[in-house]
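Take a look at the structure set out below.
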Amino acid sequence: MKPPADAGATCWVRCVAALSSLGGFLFGLDIGYIAPILECASFKRDVAHILDWQNPASKISSGEVGFIVGIFSIGCICMSFPPISS
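Letter by letter, the sequence shown follows residues 4 to 89 in this note's numbering.
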C-alpha cells in the first residue's frame, strides 16, 4: 500500500502540535509555581514591600500581582530561547 502524498506534511503538523502542547503545558506549570510564592511571607516582605507582611491576611494588590506574574511569565518566555538560555 502506497502512503498518501501528504504524509510528510501530516507528520510535520503532528510534531508542531506536540511541541506546542508541551510548551503550553510547561508555561502553565511555571504559572502554577508563581501562585504559592505570592502568598509567601518573605516574598511579601522582600518583593512586594508590604509593611504588615507577617499577617497571613495581608494581600498584594491586584495590580501588583498582575505585574509580578506578567514579569515572571515574560522572563520564562525569554529564557526559553536557546541563544539566551545557553
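Just so it is clear, CB atoms sit at the ideal spot from N, CA and C, and this is done for glycine as well.
Please state whether DSSP places V50 in a helix, a strand or coil. coil
Integer-rounded CB distance, given that F46 should sit under 8 Å from I37: With a Cβ gap of about 10 Å, I37 and F46 do not count as contacting.
With H, G and I counted as helix, E and B as strand and the rest as coil, what does DSSP make of S76? Three-state DSSP puts S76 in a helix.
Where V70 sits in the DSSP three-state scheme: Checking the displayed sequence, the identity of residue 70 turns out to be Phe instead of Val. Helix.
Going by the CB atoms, is the gap between S64 and D55 shorter than 7 Å? Cβ distance not < 7 Å, so D55 and S64 don't count as in contact.
Member of E67, G27, H52 and C43 whose CA lies at the smallest distance from the CA of P59: C43
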